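Q: The structure's right below; bear with me while I get my questions together.
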Amino acid sequence: MNSSLNSISLFSGCGGDTLGLTRAGFHVAAFNEFNKAAIQSHEANFSTSILLKDPVSNATDITKVPDSVFEPYKGTTKIVFAGFPCQGFSKAGKKKATDPRNQMFRQFVRVVKVTKPDFVIGENVVGLTTMKSGPNETDPLMLDIIKKAFQDIGYEMTHKVLEATEFGVPQKRKRILLIGWDVSRYPTFDPSSFWASVANWGANQQIPILRSFVKPVLTDAYELKVDEVPEDFDTYALTTSDTVSGTPHPFVVLKAGEKLLSCSKRVSPIHSEVIDLNKPSKTIICTYDHQPRLLVGLKHQDGRRFVRTLLPDELQQIQGFPSDYKVLGNKKELVVQIGNAVPPNLVQSVSTVLRSYMEPVFETVPVEVKKRVGRKKSTKS
């Protein structure tokens, strides 16, 4: 890793973006996060990354961290990443243009203005592409407001919606990635060439099969009645040594005559189904009781059928984290951290290609990307 390739992570969560940047050869010198459990998770995996906080109160709320904390990183930071809050833009929640969390991107802009990185990376939900900046139909799009704010401090910005399955992640999760560049340092940056190289990177990744890491265990399982079993119930086969353990999750509560899946769909219509273990998972969304709404089907050899929610270590692998990645906290905190994380591969893809604009040779860039970037760079010189 090149020690000169320093970066900063904002709204870091448990560290999905930091992992992606690290895999691309960057050192995440500092990070900021408000949630205590997420801070512990980040520090457990990236011990050399400094937590940015107010030096007097120790507050990690970014709105309370003064510019003076970020100033030492001016001139040494290549990338500032921010997975700024998305609840106001998300389909999983109630979209609201006036949600105060929609303004947290301004903290992102503030840090970039102070640190002056080469590039910025923003990540958010797809709803950002259509969210208005106010309650009126004539109000501009929030995305345009964000881009204008970066233009005002010298950064042009491009964006694209990426599908995680196209980057080696076993989950159908779409996210918008925003890439900004300092126009004074990269006046000929070509967004079309950049995104083509990102796509090439993704084409070289293999998607792991869910069945390879979703375990045939009955932890917190719920036994289905005969009339509750759907026809296409995809299951693991269990052996006689497997026994039911744990208690049902609170959202699995049936009334007389109701079926499990229809009940679950009523609670969370976005996704609540038994997953196909041979295909990528649907998007992990953790709401209501903070339990993932995707169910694992299990079939005992005596014919009994069960369902259970995905376990935390299974969820993190569906997000693209390795099985040994440390996520700390109680079960609710684990599930929320994982569900809120950005898939590391998405960040790795864009930061790997961005690195090609900073150095002449990159061991981590796939051959196809090297060739594309090499041709592009030669036209600029």
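With my numbering, the residue at position 304 of the sequence shown is 306, and numbering never jumps. Virtual Cβ for every residue (Gly too), placed ideally from N, Cα, C. Since the model is a prediction, treat every value here as computed from it, not as a measurement.
What span of residues does the alpha helix (DSSP H) with G27 cover, start to end?
A: Unbroken run through G27: none, as it is neither H nor E.
Q: May I ask you to verify whether the stretch 322 to 341 touches the stretch 28 to 41, counting CB pairs closer than 8 angstroms and requiring at least 3?
A: At 8 angstroms Cβ cutoff, the stretches touch.
Q: So F308 and L220 are in contact, right, with Cβ under 8 angstroms, and what is the actual spacing, rounded?
A: So it is a contact: roughly 6 angstroms between Cβ atoms.
Q: So E45 and G15 are supposed to be a Cβ contact under 8 angstroms. How far apart are they, rounded?
A: About 13 angstroms; that fails the 8 angstroms criterion.
Q: Taking the continuous beta strand (DSSP E) assigned at D184, which residues delimit it?
A: Start and end: K176 to D184.
Q: Using the Cα positions of N8 and E316, report the straight-line distance between them to the nearest angstrom.
A: When rounded, the distance between both Cα atoms is 31 angstroms.
Q: Would you kindly work out how many angstroms separate the C-alpha atoms of I178 and L330, rounded to a whole number?
A: So the alpha carbons of these two residues sit roughly 27 angstroms apart.
Q: For F121 versus Y188, is the C-beta distance shorter than 9 angstroms?
A: Yes, Cβ-Cβ distance for F121 and Y188 is below 9 angstroms.
Q: Within 10 angstroms of its Cβ, does G322 collect 16 or more other Cβ (buried), or is it exposed?
A: Counting Cβ neighbours within 10 Å, G322 comes out buried, since at least 16 surround it.
Q: Determine, using beta-carbon pairs with one atom in the stretch 135 to 146 and one in the stretch 165 to 176, whether at least three such pairs fall under 8 angstroms.
A: Contact fails: fewer than three Cβ-Cβ distances are below 8 angstroms.
Q: Under a three-way DSSP split, which group does G331 fall into?
A: Three-state result, G331: coil.
Q: Label C84 either buried or exposed according to how many other C-beta atoms from any shown protein chain fall within 10 Å of its C-beta, with 16 as the threshold for buried.
A: Residue 84 is actually Ala in this sequence, not Cys. Burial call: buried.
Q: Going residue by residue through the stretch 124 to 183, where are the continuous beta strand (DSSP E) segments of at least 3 residues, counting only ones entirely within it?
A: Complete beta strand (DSSP E) runs here, min 3: 157 to 165.
Q: Would you kindly work out how many angstroms separate the C-alpha atoms of K328 and G204, rounded to a whole number?
A: Cα-Cα distance, rounded: 25 angstroms.
Q: Should T65 go down as buried or exposed, given a rule of 16 or more other Cβ atoms within 10 Å for buried?
A: With fewer than 16 Cβ atoms within 10 Å of its Cβ, T65 is classed as exposed.
Q: Considering just the uninterrupted stretch of the alpha helix (DSSP H) at N347, what are its terminal residues?
A: Its alpha helix (DSSP H) spans residues P346 to R357.
Q: Going by beta-carbon coordinates alone, are Q109 and F169 separated by less than 9 angstroms?
A: Going by C-beta atoms, Q109 is not nearer than 9 angstroms to F169.
Q: For the beta strand (DSSP E) containing I64, list its first residue and its last residue.
A: I64 -> no beta strand (DSSP E), and no H or E assigned at all.
Q: Please classify S6: is it buried, with 16 or more other beta-carbons within 10 angstroms of its beta-carbon, or exposed?
A: Per the 10 Å Cβ criterion, exposed.
Q: Once the 5 residues before and after T20 are set aside, which same chain residues still bring their CB inside 7 angstroms of it?
A: The residues are S11, S14, V30, F33, H44, F48 and S51.
Q: Let me know the secondary structure DSSP gives F107 once reduced to three states.
A: Here F107 sits in helix by DSSP.
Q: Can you tell me which of the three DSSP states V1 falls into?
A: The requested residue 1 does not occur in the structure, where the chain is confined to residues 3 to 383.
Q: Are the beta-carbon atoms belonging to K115 and I155 less than 9 angstroms from one another?
A: Yes. Within cutoff.
Q: Just reading off the beta strand (DSSP E) that L12 is part of, what are its end residues?
A: Here the beta strand (DSSP E) through L12 covers N8 to L12.
Q: Buried or exposed: which applies to A61, given that a residue is buried once 16 or more other Cβ atoms fall within 10 Å of its Cβ?
A: So A61 ends up on the exposed side.
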